[in-house]
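I have placed the structure first, in the form of C-alpha cells, so that the comments after it can refer back to it.
Protein chains: 2
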Amino acid sequence: MVVINSIKEMRQIAAAYKSTGGKIAVVPTMGFLHQGHLSLINKAKEEADFVITSLFVNPRQFAPNEDYDKYPRNMGSDSELAAAAGSDCLFNPNALEMYAIGNTTKVAVEGITAKFEGAKRPGHFDGVATVVAKLFNATLPDIAVFGQKDYQQILVVKRLIEDLNYDIELIVAPTLRQADGLAMSSRNKYLSDTDRQSSSLLFLALEDARKAIAAGMMQRKVINAVMHKRLRQAASIKIDYACAALANSLHEPDIFLPGDDIVLLIAAYLGKTRLIDNALTTIPKGKSPLAAL
Amino acid sequence: MVVINSIKEMRQIAAAYKSTGGKIAVVPTMGFLHQGHLSLINKAKEEADFVITSLFVNPRQFAPNEDYDKYPRNMGSDSELAAAAGSDCLFNPNALEMYAIGNTTKVAVEGITAKFEGAKRPGHFDGVATVVAKLFNATLPDIAVFGQKDYQQILVVKRLIEDLNYDIELIVAPTLRQADGLAMSSRNKYLSDTDRQSSSLLFLALEDARKAIAAGMMQRKVINAVMHKRLRQAASIKIDYACAALANSLHEPDIFLPGDDIVLLIAAYLGKTRLIDNALTTIPKGKSPLAAL
C-alpha cells in the first residue's frame, strides 16, 4: 500500500490510474480506524479496482469547543489495518497543505443541515462538505464509500455530489456494532466503564422505536417519547436529541403516513463523550393513519 | 462542433476525451458572444486539444433586482461564432438541470469577495463560484480560460481552484476593446448612443490613473480622485466605485509602495447599464514613498 501525503502527488496518481480505465473508490475517514472503517474499505474493494483510504482529522468540521486536539490518532496502526483490509493507497494529507494560508473557500449544503447535527454543531457540515469536495478533487473517485452511522452526513454528501455535478457513485455501508448494540466509533474509547455499559441504550432506544413503528405507531412525538424513555434509564445520559424524521428530507410531520421511510436519530452525551446513532425503518402499509389518533 | 445540453453527457464526453490523453480547455461564458469571448476561445485552442465553450446565463449570479431576464441571448449566432473561433464543443445546459429542485449546495469564496463587485452585488460571487465548480465537474478541464475584464472574478476562480484542490491551470486573457477604449461586453448593447459615447470615459479614467502612477503617484485616494475626475466629465455617469487596490489581495493601503502590483477597478452606470473595467499596473521602483507625501 502506497502512502501519499501531498495533494498534488495524490491527484497525479489518481489521474494516472484513471487513465488505465480502472475504477477508483475513496473511503474518507478521520483515522483511528476500527472494524466499522475496515468494513467500508472491504466494501470499496469489492466495488472498485483501486481503493484510496483518506486519513484526515479535518479541523474545519470541529466547532471551537469540540475535541479536535484530543481526537484519537494512530497513524501506525491505521496504516497496517487499512492495508490488511485491502486499501491500495493511504492518503494522509497535511492540515497546513489542506488549508494553506489564504484558503477562504467554503462549500455549504443548506436546508438539510439546519437541524440535528447541523444545529448542535454550528459549522460542522460546512467543514464536512468542504473537505469532501477537496478529497473528491484530490482522489478523482468513481465511487465514495461512507458509513451509515453519520446519517445526516450521508444526505449532505449525496446533495453535494448531485448539486455540484460530480460523477461519483455514493455507497452507504451499514453501521457495525458491538455485541450489545453500541455503534462502533473512534470516540467510544473516551467512555468510562460505567458509561460504556449505559451506551447500549442508544441502540436499545432505536430498537424500541422501530418495534413501536412496526406495531403501528405513527405519531412523531410518541415515537420520540419511546426513545427518550429508554435513554433515561441511565441517569448519566444527557440527550441532545432523539427524533424520528422523514429519511430523505429530515422533515418532521406530526404524523407519519403508511409507506413513509423514517430515520430515527439519536445524539447523547455519556459523561463528556458525545455519541450518535441512527436507524432506518418504514411506516407499515395497510394501516390507517387515523388508527394512530 | 458538437452541442451538448445534458450534464451527464458532457461528463461522459469529457471523460472519454480525457482518457485519450488529450488536453481539455473550458471557456465559461454567459453567451451572446463577442470578439472578447472569441479571443478566449482562440487562446484555449492554442493551449488545449479539445475546447469546450459553455453558454449558461447563470441565474444564481444575478441579484433579484438585476438583469437576468433581459440578459441578451442568441444561441444561433453563438453556436456559429464559437465553432468558427475553434471551439470543439458547445455546452449549453438547461437551468432546470443545473439547479434542479432541491439543489441547496453553495460554493463561497470569502475574504476577497467582501468588497467591490461582491459588496455591490450581494450573492454574485457565491453564484459564480458555485457555477464554476459545477462547470469544472461537468467538463473536467485541464485549463480554464477567463477574461481579465471580470478581474475580481479571476481572483475568485484562482482561489476556488487552489482551495478546493482542482488540478486546473487558469489562463487569464486580456480585455478586448473598441477603438475608443470601451471594453467589450455583452451589456454594451444596452447603451444609448449618448451613453455609448460617454462609455469610453471608463478606459480614459484607467489610463489617467495609470499615467499618474507611472509619474510617481502612490497615494491611493489621490489615484482614486484622478479616476473620479475623468469619469465626472459625463453628467450621466453614476460611479459605483473607482478604486486602486493591491492586485492580489484587493487590500487598500493609504499609500502604495514601489514594486506593488496594483489593480485599478471601475464600476459605473451609464443610464441603467452598469459597466465594469479594470487595468493592472505597478508602482515604479526607485521612487521613495515619502516623495508622494
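Protein chains in written order, with numbering that gives the first Met the number 0: chain A, 0 to 292; chain B, 0 to 292.
The beta carbon of each residue, even a glycine, is placed where N, CA and C say it ideally should be.
Note that the structure is a prediction, hence the values are computed from the model and not measured.
Item                                                                                                                                                                                       : Value
When the Cα atoms are used, what is the spatial distance from Ser-184 of chain A to Lys-228 of chain A?                                                                                    : 24 angstroms
Check the Cβ of Asp-162 of chain B against every Cβ in chain D and list those closer than 9 angstroms, keeping chain order.                                                                : Any reference to chain D falls outside this structure, whose protein chains are A and B.
Check whether chain B comes within 9 angstroms of Ala-244 of chain A, counting only Cβ atoms and requiring the distance to be less than that.                                              : no
Quick check: the Cα distance between Leu-24 of chain B and Ser-191 of chain A, rounded to an integer number of angstroms?                                                                  : Residue identity check: residue 24 of chain B is Ala in the sequence provided, not Leu. Cα to Cα, the separation comes out at about 57 angstroms.
What does Thr-281 of chain B pair with, by DSSP beta-bridge criteria?                                                                                                                      : B:Asp-260
Going along the chain, which residues of its own chain have a beta-carbon closer than 7 angstroms to the beta-carbon of Leu-203 of chain A, five neighbours each way excluded?             : Gly-180 and Arg-229
Determine, using beta carbons only, whether Tyr-16 of chain A comes closer than 9 angstroms to chain B.                                                                                    : no
Short of 6 angstroms in beta carbon distance, which residues of its chain neighbour Leu-32 of chain A, apart from the five on each side in sequence? Order them along the chain.           : Asp-77 and Leu-80
Could you pull the start and end residues of the alpha helix (DSSP H) that Ile-51 of chain A belongs to?                                                                                   : Here Ile-51 of chain A belongs to no alpha helix (DSSP H); instead the beta strand (DSSP E) covers 49–54.
Is Asp-166 of chain A close to chain B? Criterion is C-beta to C-beta, closer than 9 angstroms.                                                                                            : yes
Between which two residues does the beta strand (DSSP E) containing Tyr-16 of chain A stretch?                                                                                             : Element bounds for Tyr-16 of chain A: not the beta strand (DSSP E) but the alpha helix (DSSP H), 6–18.
Please report how far the alpha carbon of Ser-38 of chain B lies from the alpha carbon of Ser-197 of chain B, in whole angstroms.                                                          : 25 angstroms
Step through the CB atoms of chain B and report whether any lies within less than 9 angstroms of the CB of Asn-370 of chain A.                                                             : Because chain A here runs from 0 to 292, residue 370 of chain A falls outside it and cannot be looked at.
Helix, strand or coil, according to DSSP, for Thr-138 of chain B in the structure here?                                                                                                    : helix
Determine the contact status of Met-333 of chain A and Asn-64 of chain A, defining contact as a CB-CB distance below 9 angstroms.                                                          : It is not possible to answer for residue 333 of chain A, since the shown part of chain A is limited to 0 through 292.
DSSP three-state call for Arg-209 of chain A: helix, strand or coil?                                                                                                                       : helix
In angstroms, rounded to a whole number, what distance separates the CA positions of Ala-233 of chain B and Leu-200 of chain B?                                                            : 8 angstroms
Taking only three categories from DSSP, how would you classify Tyr-67 of chain A?                                                                                                          : coil
Considering just the uninterrupted stretch of the beta strand (DSSP E) at Lys-271 of chain B, what are its terminal residues?                                                              : First-last for Lys-271 of chain B: undefined, no H or E at that position.
Using a cut-off of 7 angstroms between C-beta atoms, extract the partners of Ala-137 of chain B located in chain A.                                                                        : Asn-164
Only counting runs of 3 or more residues, tell me where the beta strand (DSSP E) segments fall wholly within the segment 81–168 of chain A, in order along the chain.                      : 88–90, 104–108 and 142–146
Would a check of beta-carbon distances place Ile-111 of chain B closer than 9 angstroms to chain A?                                                                                        : yes
Taking the Cβ atom as the reference point for each residue, do Val-155 of chain B and Ala-143 of chain B lie within a distance shorter than 9 angstroms?                                   : no
Tell me the DSSP secondary structure of Pro-58 of chain A in three-state form.                                                                                                             : helix
I need the DSSP call for Gln-34 of chain B, collapsed to helix, strand or coil.                                                                                                            : helix
On the three-pair Cβ rule with 8 angstroms, is the segment 127–147 of chain A touching the segment 161–178 of chain B?                                                                     : yes
Is Ala-244 of chain A near Met-226 of chain A, with beta carbons less than 9 angstroms apart?                                                                                              : no
For Tyr-16 of chain A, which residues of its own chain have a beta-carbon under 7 angstroms away from its beta-carbon, when the five flanking residues on both sides are left out?         : Ile-23 and Phe-49
Below 8 angstroms on the Cβ atoms is my guess for Ser-235 of chain B versus Leu-269 of chain B; work out the distance and round it to an integer in Å.                                     : 6 angstroms
Compare the C-beta of Lys-7 of chain A against all C-beta atoms of chain B and say whether one is closer than 9 angstroms.                                                                 : yes
Determine which residues of the segment 255–281 of chain A have a Cβ less than 7 angstroms from any Cβ of chain B, and write them out in chain order.                                      : none
State the CB to CB distance for the pair Ile-51 of chain B and Phe-90 of chain B, rounded to an integer number of angstroms; the pair is presumed to be in contact (CB under 8 angstroms). : 5 angstroms
Answer yes or no: does any C-beta atom of chain B fall closer than 9 angstroms to that of Val-108 of chain A?                                                                              : yes
Can you tell me which of A:Glu-251, A:Ile-282, A:Tyr-189 and A:Ala-43 puts its alpha carbon nearest to the alpha carbon of Gly-215 of chain A?                                             : A:Ile-282
Excluding the 5 residues flanking Pro-173 of chain A on each side, which residues of the same chain have their C-beta closer than 7 angstroms to its C-beta?                               : Gln-147
I need the DSSP call for Arg-176 of chain A, collapsed to helix, strand or coil.                                                                                                           : strand
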